[in-house]
Amino acid sequence: MDWSFFLSVALFAVVMTGTPGPNNVMLTASGANFGYMRSIPHFFGIGFGLISLILLNGVGLGVVFKTYPVVQEILKWLGSGYLLYLAWRILTAGINKGEGAQQAKPMTCLEAMLFQYLNPKAWVMSVTAVSSFAIAGEYYWWSLIGISVIFLVVQLQTSSVWVGFGTFIRRWLSTPTAWRRFNSSMAALTASCVVFIW
């Protein structure tokens, strides 16, 4: 493993974790609704979930999908259902410092981690990362660890930017109508991710 390995994986991780998808839409909504500090467990959970997926794919979970395609079909249905549930949570998050704000709470670290197993973009990331960058032979496990660490470091930065973007937007959401429109838009974007699953 040399610098080109680390650079290649880092660039891939920036593109995959930094572009819009279910995680980043929800992080933006979390930043706007709950602020930066309360959203930190959410983006750490995403990182831990991605690492676990990369490692599981590294030990051969992809073979399970090829052998038992029904497992992948079940995950698609579960992922679709959970995305719609999360869209509903965003839609009903309430207005900042207003109605329903006390009942609403950000996604926990464990919830965000488990969501990665239902997130089609996370599966694509992990399968592609392992198949493209893992080094065969004696360096296989070291390369797998390297991929995982790079993904975590990059993902924490890109997720932080999305949460920061949501926090920035929060300044312009000064009326109940603005909050409802924002949450409705974020909920619609989250729900629309179901299209990409199918």
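For the sequence shown, numbering that gives the first Met the number 0 assigns the number 0 to the initial residue and increments by one for each residue that follows. Cβ atoms here follow ideal geometry from the backbone N, Cα and C, with glycine treated the same way.
Given a cut-off of 9 Å, decide if residue j and residue i are closer than it, judged by their beta-carbon atoms.
| i | j | result |
| --- | --- | --- |
| L217 | G78 | The displayed coordinates of the chain run from 0 to 197. Any statement about residue 217 would go beyond what the structure contains. |
| W140 | G57 | yes |
| G44 | E110 | yes |
| F11 | F132 | yes |
| F33 | M112 | no |
| K75 | P19 | no |
| M15 | V123 | yes |
| S125 | L52 | yes |
| V13 | T157 | yes |
Can you list, in chain order, the residues of its chain whose CB lies under 7 Å from that of residue i, leaving out five sequence neighbours each side?
| i | result |
| --- | --- |
| A190 | L82, L83, A86 |
| N23 | W161 |
| L54 | L143, S147 |
| A121 | G48, L49, L52, Q115 |
| E98 | Note that E98 scores a pLDDT of 46, beneath 50, so its modelled location is shaky and nothing firm can be said. |
How would you label residue i, buried or exposed, when you count the other beta carbons within 10 angstroms and need 16 or more for buried?
| i | result |
| --- | --- |
| F222 | As displayed, the chain neither begins before 0 nor continues past 197, which places residue 222 out of reach and without an answer. |
| I73 | exposed |
| L6 | exposed |
| P175 | exposed |
| T66 | exposed |
| Q101 | Low per-residue confidence applies at Q101: pLDDT is 49, beneath 50, and the placement is therefore not dependable, though the value from the model is reported in the following sentence. Flag for Q101 reads exposed. |
| P21 | buried |
| A128 | buried |
| A186 | buried |
| A31 | buried |
For residue i, which option in the options has the closest C-alpha, if you only look at C-alpha atoms?
| i | options | result |
| --- | --- | --- |
| S38 | A121, L113, C108 | C108 |
| I50 | L188, T157, V152 | V152 |
| S3 | F114, I149, G48 | I149 |
| P40 | G145, S130, K104 | K104 |
| F164 | V69, S29, L188, V13 | S29 |
| S130 | G59, V13, F42 | G59 |
| M106 | G145, V69, F42 | F42 |
For residue i, which residues from the same chain have a beta carbon less than 8 Å from its beta carbon, with the 5 sequence-adjacent residues on both sides left out?
| i | result |
| --- | --- |
| A177 | W171 |
Which same chain residues, not among the five before or five after residue i, have their C-beta less than 6 Å away from its C-beta?
| i | result |
| --- | --- |
| L155 | G46 |
| R169 | A31 |
| G17 | T157 |
| L188 | V24 |
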